[in-house]
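Engineer: So for the sequence shown, my numbering puts the first residue at 55; every next one is plus one. From the three backbone atoms N, C-alpha and C, an ideal C-beta is built for every residue, glycine too.
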Amino acid sequence: MEASQTNTIEALASETVVGNQDSPTEKTARFYQTCISVVVDGRDQRAGYREAFQQAGVYWPDFGPKDSDAYVVAAKVYASFLYSSMLDIRRVESFTGEVYLSMKPAQAINVWKRNWDRFQNNDGAYRDYYENSCAAYASRVIGTVDFDTFVDIEIEMFHKLLLQEHFEEVVVLGNLSQLGDIMRPASAKKLTAFVADTYNLTVLTPVHVKGLRYMRNFAKLVEELGHEKVIFYLGWLILQVLWRGLDKHMNALWYKQFGVRASALNSKPQEVDCLEQTENLLGWALFYRFTRDSSGQSTERMSVMAKRLGRAFKRVVAYNKWLVNISLTEKNFTELLFYRKLLSEDKLRQRLGNIKEMTDSAVANWLAVAETRRTLSEDDWDDMRTFYIRDIRTTGKYSVYNKERHDLRAAPLFGELPLFGEGLTDAANYGALGMLIGAAAVELIVHAVPGHRKSVFDKHVSCYFDNSETPPNFARDHFYRSVAVDIVYQVFKAAASDAAKGQDLKDFDRDQTFFQMMCYLLCEGHAKEIPEAELNCNQGVKDSRIFGTVFGCPRGSPMNPRHKCRL
55 MEASQTNTIE
65 ALASETVVGN
75 QDSPTEKTAR
85 FYQTCISVVV
95 DGRDQRAGYR
105 EAFQQAGVYW
115 PDFGPKDSDA
125 YVVAAKVYAS
135 FLYSSMLDIR
145 RVESFTGEVY
155 LSMKPAQAIN
165 VWKRNWDRFQ
175 NNDGAYRDYY
185 ENSCAAYASR
195 VIGTVDFDTF
205 VDIEIEMFHK
215 LLLQEHFEEV
225 VVLGNLSQLG
235 DIMRPASAKK
245 LTAFVADTYN
255 LTVLTPVHVK
265 GLRYMRNFAK
275 LVEELGHEKV
285 IFYLGWLILQ
295 VLWRGLDKHM
305 NALWYKQFGV
315 RASALNSKPQ
325 EVDCLEQTEN
335 LLGWALFYRF
345 TRDSSGQSTE
355 RMSVMAKRLG
365 RAFKRVVAYN
375 KWLVNISLTE
385 KNFTELLFYR
395 KLLSEDKLRQ
405 RLGNIKEMTD
415 SAVANWLAVA
425 ETRRTLSEDD
435 WDDMRTFYIR
445 DIRTTGKYSV
455 YNKERHDLRA
465 APLFGELPLF
475 GEGLTDAANY
485 GALGMLIGAA
495 AVELIVHAVP
505 GHRKSVFDKH
515 VSCYFDNSET
525 PPNFARDHFY
535 RSVAVDIVYQ
545 VFKAAASDAA
555 KGQDLKDFDR
565 DQTFFQMMCY
575 LLCEGHAKEI
585 PEAELNCNQG
595 VKDSRIFGTV
605 FGCPRGSPMN
615 PRHKCRL
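1. Can you find the residues in the same chain that come closer than 6 Å, C-beta to C-beta, to C573, ignoring five residues on each side of it along the sequence?
2. Buried or exposed for D301, please, with buried defined as at least 16 other CB atoms from any protein chain shown within 10 angstroms of its CB.
3. Alpha carbon to alpha carbon, how far is H133 from R172?
4. If I follow the unbroken beta strand (DSSP E) through R144, where does it start and stop?
5. Could you check if V71 is buried or exposed, using at least 16 other CB atoms within 10 Å of its CB as the buried criterion?
6. Around the C-beta of N483, are 16 or more other C-beta atoms found within 10 angstroms, so that it is buried, or is it exposed?
7. Please report the straight-line C-alpha distance between L291 and F212, rounded to a whole angstrom.
8. What first and last residue would you give for the alpha helix (DSSP H) that runs through P78?
9. When you compare only the Cα positions, how much space is there between Y373 and R365?
10. Which residue's Cα is closest to the Cα of L340: P612, D520, D433, Y86?
11. By the DSSP assignment, the beta strand (DSSP E) with H262 in it spans what residues?
12. In whole angstroms, what separates the C-alpha of M55 from that of F568?
13. State the Cα-Cα distance for the pair M140 and Y125, rounded to the nearest angstrom.
14. Between the Cα of D202 and the Cα atoms of S415, Y184, W166, V94, which residue gives the shortest distance?
15. Taking 7 Å as the cut-off, decide whether the C-beta atoms of K214 and N271 are in contact.
16. In chain order, which continuous runs of the alpha helix (DSSP H) of length 4 or greater are located wholly inside the region 270-295?
17. Whose CA, out of A106, N61, S91, lies closest to the CA of A422?
18. Compare the beta carbon distance of M571 and G485 with 7 Å and say whether it is the shorter of the two.
19. Excluding the 5 residues flanking A110 on each side, which residues of the same chain have their C-beta closer than 7 Å to its C-beta?
20. With DSSP collapsed to three states, give me the class of A318.
21. With burial defined as no fewer than 16 other Cβ atoms inside 10 Å of the residue's Cβ, what is the status of I196: buried or exposed?
22. Tell me the DSSP secondary structure of K410 in three-state form.
23. Which term fits R403, buried or exposed, when burial requires 16 or more other beta carbons within 10 angstroms of its beta carbon?
24. Of the residues F204, E325, D434, which one's Cα is nearest the Cα of T62?
25. State buried or exposed for N334, treating a residue as buried only when at least 16 other CB atoms are found within 10 Å of its CB.
26. Ignore the nearest five residues each way along the sequence and tell me which others in R439's own chain have a CB closer than 6 Å to its CB.
27. If you measure between the beta carbons of N386 and D480, is that distance less than 7 Å?
28. Mind reading off the beta-carbon distance from C89 to Q294? Whole number of angstroms is fine, and I expect it under 8 Å.
29. When the Cα of D200 is compared with those of L487, D116, V224, which residue comes out closest?
30. Indicate the three-state DSSP secondary structure (helix, strand or coil) for D512 in the structure shown.
31. May I have the straight-line CA-CA distance separating V146 from S241, to the nearest angstrom?
32. Evaluate contact between the region 428-448 and the region 409-418, counting only Cβ atoms and requiring at least three cross-stretch pairs below 8 Å.
33. Select from E69, E64, T82 the residue whose C-alpha is nearest the C-alpha of T413.
34. What number of angstroms, rounded off, separates the C-alpha of S77 from the C-alpha of S68?
35. Is the distance from the Cβ of G492 to the Cβ of A538 below 7 Å?
36. Three Cβ pairs or more, each shorter than 8 Å: is that satisfied between the region 91-105 and the region 252-263?
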């Protein structure tokens, strides 16, 4: 199911004819097409990337200049490439308009550790990978930092920086002059000069520091190993993050060593790598042509469905008096298509209008996008941000619940097959996209329960979890569907037109089609996560008052139990 969606985006990005680059769509398409020419077609631009990384202070697989500063290099890497290695240091303009310097741990070392685990007890394989990496990136092994020195540095990095904590606490420094509280004065002076020049910050700019223990450990590493060794490893980490988007040979090396990710089942992994890179850097601009071409009757029908379901769930909340202090508004549902409505071409022009024209240089395009992106406010970028391609690669389920905004948001292709179609029956559309909306509505209600009412809520819903036969980490998804299924079904029955009867499937009537779509699209999951996909589906429908009747399940049978859970 993800294959059709990935291929649709890929086709639109590939087939967009790039003219005078007047529109964000054309610039975005050119960015993607240039990536393809490098990663898929094999045009060699490694020299350009090496030069760009050296400009940012990264000289891997060599040590850099003696006077380099690890904090400044970390900040330069993000400013240049919009990816972080060991420290995430950048300017932030918050939703309230406050401007500050943000410093927090980056996740690259945690991500790399998961790949590193494959080399445990096999030094020979790790040595080969390291030396092959040197050859792929720098076209040489002789003269680079040797493997044994690299391993000694890495051991110290893992010891100090792999911390089992979430870094939630934020310490606010009053201004840039207080950076000396968390690093040596020389580093503080250099970092202040860099961020002031790059982001046009004054010395009075506050600093938000997250992960103080991590920051202290990083400072100890600099003290014990020296800046050049820390920067060397910083370079290794950032290249592990970016390997697949820089060059065909490095892309092949990565997949040879770590295997093809889920995306290979959907499309060529290299094409998906370029889609993911384009999305990470340009956000919703990747999907604008799709939303422009696909809006219309489909969008209107989705809006009508969302409004009907919204009214039904508002009635459920009102009826269940124990759900006090919880309210659903029409806006929770009508903004399902928030992104299609918000990001017109004019809006994208406002945000991306300063990006230079894209060229046939992948690295120049990357740097040009980064230059514009780093000046956007959090508000502007939050509107544009999307991780849709990454989600296709890494998750096995659809969802329209947005955890950051605590609202319903549909991803780019959720208004198309296989979730919704203008030519599909109401049964198919409500069974697929309608159930997504319904499950998200239940999740919205759960997250709206006040802390002091959690115990009351848990008592009312305990039946769903006590009777679940699936692992606890999946039981909550089944709970959302179990609560939603009959509510969505009733809305479907009220909305279904008699004219649609002629469109029933050959072997299933409308009611059966509703449940078939729900199970097929929403409950299967990846085999590695849920060994028994049938069990996964059953947990979502066995408490339905309707399912057993529709499919003729005897009362008291596993799929039509005498005692059914109720909200």
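Structural biologist: Quick answer:
1. Closer than 6 Å at the Cβ level, and outside the excluded window around C573, lie C591.
2. D301 should be labelled buried.
3. The amino acid occupying residue 133 in the given sequence is Ala; His does not appear at that position. CA-CA distance, A133 to R172, rounds to 32 Å.
4. Following the DSSP letters along the chain, one finds R144 inside the beta strand (DSSP E) bounded by residues 141-147.
5. V71 should be labelled exposed.
6. Burial call: buried.
7. Roughly 12 Å separates the two Cα atoms.
8. Start and end: 78-93.
9. Distance between the alpha carbons of Y373 and R365: 12 Å.
10. For L340, the closest C-alpha among the options P612, D520, D433, Y86 is that of Y86.
11. Bounds of the beta strand (DSSP E) holding H262 are 261-264.
12. Caution is warranted here: a pLDDT of 46 is assigned to M55, below 50, making its placement in the model unreliable, and the coordinate value is therefore given only provisionally. Taking the straight line joining both Cα atoms gives about 18 Å.
13. Distance between the alpha carbons of M140 and Y125 is about 9 Å.
14. Nearest in C-alpha terms to D202, of all of S415, Y184, W166, V94, is Y184.
15. With contacts defined as CB atoms closer than 7 Å, K214 and N271 qualify as a contacting pair.
16. If you keep only unbroken alpha helix (DSSP H) runs of at least 4 residues inside the region 270-295, you get nothing at all.
17. When only C-alpha atoms are compared, the closest one is A106.
18. Remark: C-beta atoms of M571 and G485 approach each other more closely than 7 Å.
19. Beyond the five residues adjoining it in sequence on each side, A110 comes within less than 7 Å, by CB distance, of V127, K130, V131, S134 in the same chain, given in chain order.
20. Any reading at A318 needs caution, since the residue's pLDDT is 43, under 50, leaving its predicted position unreliable; the model's value is listed next. DSSP places A318 in helix when its eight states are reduced to three.
21. By the neighbour-count criterion, in which a residue is buried when 16 or more other Cβ atoms sit within 10 angstroms of its Cβ, I196 is exposed.
22. K410 falls in the coil class under three-state DSSP.
23. Exposure of R403 is indicated by the presence of fewer than 16 other C-beta atoms within 10 angstroms of its C-beta.
24. Proximity to T62 across F204, E325, D434 peaks at E325, based on C-alpha coordinates.
25. Looking at its Cβ environment, which holds 16 or more other Cβ atoms inside 10 Å, N334 is buried.
26. Result list for R439: G337, in chain order.
27. The answer is no: Cβ separation not under 7 Å.
28. Contact doesn't hold; Cβ gap of about 18 Å is too wide.
29. Closest in C-alpha terms to D200, from the list L487, D116, V224, comes D116.
30. Helix, per DSSP.
31. Spanning the two alpha carbons is a distance of roughly 21 Å.
32. These segments do not touch.
33. Distance check between T413 and each of E69, E64, T82 places T82 closest, using alpha-carbon atoms only.
34. So the alpha carbons of these two residues sit roughly 16 Å apart.
35. Contact check for G492 against A538 passes: the beta carbons are separated by less than 7 Å.
36. Counting Cβ pairs under 8 Å, fewer than three are found: no touch.
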